[in-house]
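Peer 1: Residue numbers (the working numbering): 10 to 505. Sharing a structure, written as structure tokens. Questions coming.
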Ligand SMILES: [Zn+2]
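See below:
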């Protein structure tokens, strides 16, 4: 696989949080990429901040697949955790019930984004055996110790501790409080296994009934599905410390080798809370957002900024993304209006001014198509700069709009070239996570019944059976459409 792409593959750079610089991306196994992303802790509905890594790493996977890589994307669900237990006790239900309810909700909500699901979505509770095995190994190797039925990782014994977050252990402020009846050797030590308290979910282990700590599950599941020294570990910037730092310590201590080749962290979604309008506050939950917006608006909102940048969740930014989606759809409609035999026409609210009555310039469109693909790739290769890639797509949209505008006035369109432009537009938007179905802009969007009526009317007209032609026209009108006769043939137009 990826024969002709091998040369290109070497040219991708990604910013590696571990080395704090952009590096050439070279996967462990030629032509294959393994990615692990920390998913949500399922104790409530996910918000748009959780959707950002979900979307970004899906787009990264799409791009790598487009280049010819075989990608395995693993994204976990944390379904046993203090927060889940807390919520269950507040609501007088079990931890299992809460985890089940919100895992299902997460799958449902993210499913509506229209992206491929990760290849594996492991749950912590389904990997207790693997987790216990790693705990045992860490105890045997002297990296972990037992106290009061819990296990703690001995931070002082792992020399690389702090390398991911760039901190020195003597300056670390974060530390987990020991639980009742436990004695930590050092304040920095963190729990890898927690002794069961009454009413908490627990599993049998060599240290008695207990449950995994949060960090150990990701070490266990990433190593299980992707192996040692896998390619990319992702997640939100807020997970670098302590979660990812601890994952590194556990994994490198247990395997005796490097854990991850490239760490990629996405920036946070910010809200101006004090000024935030009520409507924005209400749609911060992904579920609520999707009741109000097309899911692609959220994806375009994410794609409009570099994944490492913080991103402000505001009505203005969302409106801009919604307008962008409309521009793409309009552009595709216009192409179809020119090339389609019964292609639809729609009003063109954003018609570009100043095109005059020039004939369409095929040379300019041809050159733009070529340049757009190059620009798009250049931007994506440069640490997945989706904002730059999106700008390249807009460059194409502008030129296509000028072309279709000129063609609709002066005629003489090169339909083959427009079809090429349409295919490129659809392909590049797909890589960015935005799928625009042909039914949204093309003739296949019309019911076959409508198209049959157009045909029947045309045949009746040619046969000079005006009564039948009028009858067909009336039935189209009832359905909300009118037929316009143009030099290129009849066009079906939705009445507005
Ligand atoms: Zn994790």
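No residue lacks a Cβ here, since even glycine has one placed at the ideal position from N, Cα and C. As the structure is a computational prediction, the values presented were derived from the model and not from experiment.
Counting pairs of Cβ atoms below 8 Å between the segment 151 to 159 and the segment 111 to 124, do you hit three or more?
Peer 2: Contact fails: fewer than three Cβ-Cβ distances are below 8 Å.
Peer 1: When you compare only the Cα positions, how much space is there between residue 166 and residue 393?
Peer 2: Spanning the two alpha carbons is a distance of roughly 37 Å.
Peer 1: Among 202, 42, 99, which has the Cα closest to the Cα of residue 52?
Peer 2: Comparing Cα positions, the closest option is 99.
Peer 1: Take residue 28 as the anchor and find which of 418, 424, 274, 487 has the nearest alpha-carbon.
Peer 2: The option with the nearest alpha carbon to residue 28 is 274.
Peer 1: Could you pull out every unbroken beta strand (DSSP E) segment of at least 3 residues lying fully inside the segment 30 to 54, listed in chain order?
Peer 2: Segments of the beta strand (DSSP E) lying fully in the segment 30 to 54: 30 to 33, 41 to 46.
Peer 1: Count the other CB atoms, across all protein chains shown, that sit within 10 Å of the CB of residue 180; report buried if there are 16 or more and exposed otherwise.
Peer 2: Residue 180 should be labelled exposed.
Peer 1: Going by beta-carbon coordinates alone, are residue 202 and residue 221 separated by less than 8 Å?
Peer 2: Yes, the pair counts as a contact, with Cβ atoms nearer than the cut-off.
Peer 1: Report the partner residues of residue 236 according to the DSSP bridge assignment.
Peer 2: The partner list for residue 236 (beta bridge, DSSP) is empty, contrary to what the question assumes.
Peer 1: Pick helix, strand or coil for residue 274, following the three-state DSSP scheme.
Peer 2: Of the three classes helix, strand and coil, the one that applies to residue 274 here is strand, per DSSP.
Peer 1: In the DSSP assignment, find the unbroken alpha helix (DSSP H) run with residue 304 in it and report its ends.
Peer 2: Looking at the DSSP string, the run of the alpha helix (DSSP H) that includes residue 304 is 304 to 312.
Peer 1: Which one of 390, 136, 344, 409 has the shortest CA to CA distance from residue 376?
Peer 2: When each option's Cα is compared against that of residue 376, the closest is 409.
Peer 1: Can you give me the C-alpha to C-alpha distance between residue 251 and residue 95, rounded to a whole angstrom?
Peer 2: Their backbone Cα atoms lie some 21 Å apart in a straight line.
Peer 1: Please identify the residue among 341, 259, 448, 204 whose C-alpha is closest to the C-alpha of residue 218.
Peer 2: Taking only the C-alpha atoms, the option nearest residue 218 is 204.
Peer 1: Which same chain residues, not among the five before or five after residue 521, have their C-beta less than 7 Å away from its C-beta?
Peer 2: Since the first residue of the chain shown is 10 and the last is 505, residue 521 is not available in this structure.
Peer 1: Can we count residue 256 as close to ligand 1, meaning its CB is less than 7 Å from some heavy atom?
Peer 2: Yes.
Peer 1: Considering only C-alpha positions, which residue in the set 70, 294, 486, 430 is nearest to residue 466?
Peer 2: For the residues 70, 294, 486, 430, the minimum Cα distance to residue 466 belongs to 486.
Peer 1: Restricting to Cα atoms, I'd like to know which of 301, 292, 343 is closest to residue 54.
Peer 2: Cα-wise, what sits closest to residue 54 is 292.
Peer 1: Leaving out the 5 sequence neighbours to the left and right, which residues in its chain are closer than 7 Å to residue 20 when beta-carbon positions are compared?
Peer 2: Same-chain partners within the cutoff: 390.
Peer 1: Go through its chain and collect everything with a Cβ distance to residue 59's Cβ below 6 Å, but skip five positions before and after it.
Peer 2: Only 49 meet the Cβ criterion.
Peer 1: Within 10 angstroms of its Cβ, does residue 259 collect 16 or more other Cβ (buried), or is it exposed?
Peer 2: Answer is buried; the Cβ neighbour count reaches 16.
Peer 1: With a CB to CB cut of under 6 Å and the five nearest residues on each side skipped, what residues in its chain are close to residue 412?
Peer 2: Contacts found: 369, 374.
Peer 1: For the segment 180 to 224, list the alpha helix (DSSP H) runs that are entirely contained and at least 4 residues long, ordered along the chain.
Peer 2: Counting only runs of 4 or more, we get nothing.
Peer 1: Pull the bridge partners of residue 56 from the DSSP assignment, please.
Peer 2: According to DSSP, which records beta bridges pairwise, residue 56 is partnered with 294.
Peer 1: How long is the line joining the alpha carbons of residue 319 and residue 169, rounded to whole angstroms?
Peer 2: Cα to Cα, the separation comes out at about 28 Å.
Peer 1: Is any heavy atom in ligand 1 found nearer than 7 Å to the beta carbon of residue 252?
Peer 2: For ligand 1, at least one heavy atom lies less than 7 Å from the Cβ of residue 252.
Peer 1: From which residue to which residue does the beta strand (DSSP E) around residue 159 run?
Peer 2: Its beta strand (DSSP E) spans residues 159 to 162.
Peer 1: Shorter than 7 Å, the distance from the beta carbon of residue 244 to the closest heavy atom of ligand 1, or not?
Peer 2: Yes - ligand 1 has a heavy atom lying nearer than 7 Å to the Cβ of residue 244.
Peer 1: Which residues have their C-beta within less than 5 Å of a heavy atom of ligand 1, listed in chain order?
Peer 2: Selection output, chain order preserved: 47, 227.
Peer 1: Name the one or two DSSP bridge partners that residue 24 has.
Peer 2: According to DSSP, residue 24 bridges with 31.
Peer 1: So which of 439, 472, 420 has the shortest CA-CA distance to residue 75?
Peer 2: Residue 75 has its Cα closest to that of 439, out of 439, 472, 420.
Peer 1: Between the beta-carbon of residue 307 and the beta-carbon of residue 334, is there less than 8 Å?
Peer 2: Their beta carbons are not under 8 Å apart, which means residue 307 does not touch residue 334 by this criterion.
Peer 1: Please go through the same chain and pick out, in chain order, the residues whose beta-carbon is closer than 8 Å to the beta-carbon of residue 433, but skip the five residues on each side of it.
Peer 2: Around residue 433: 378, 381, 382, 405.
Peer 1: Going by the CB atoms, is the gap between residue 347 and residue 427 shorter than 8 Å?
Peer 2: Yes, these two residues count as a Cβ contact at 8 Å.
Peer 1: Please confirm whether residue 272 and residue 26 have their CB atoms less than 8 Å apart.
Peer 2: Yes, they are a contact pair.
Peer 1: Would you kindly check if the distance between the Cβ of residue 235 and the Cβ of residue 134 is under 8 Å?
Peer 2: In this structure, residue 235 does not lie closer than 8 Å to residue 134 by Cβ.
Peer 1: What is the residue span of the alpha helix (DSSP H) that residue 381 lies within?
Peer 2: First-last of the alpha helix (DSSP H) with residue 381: 371 to 390.
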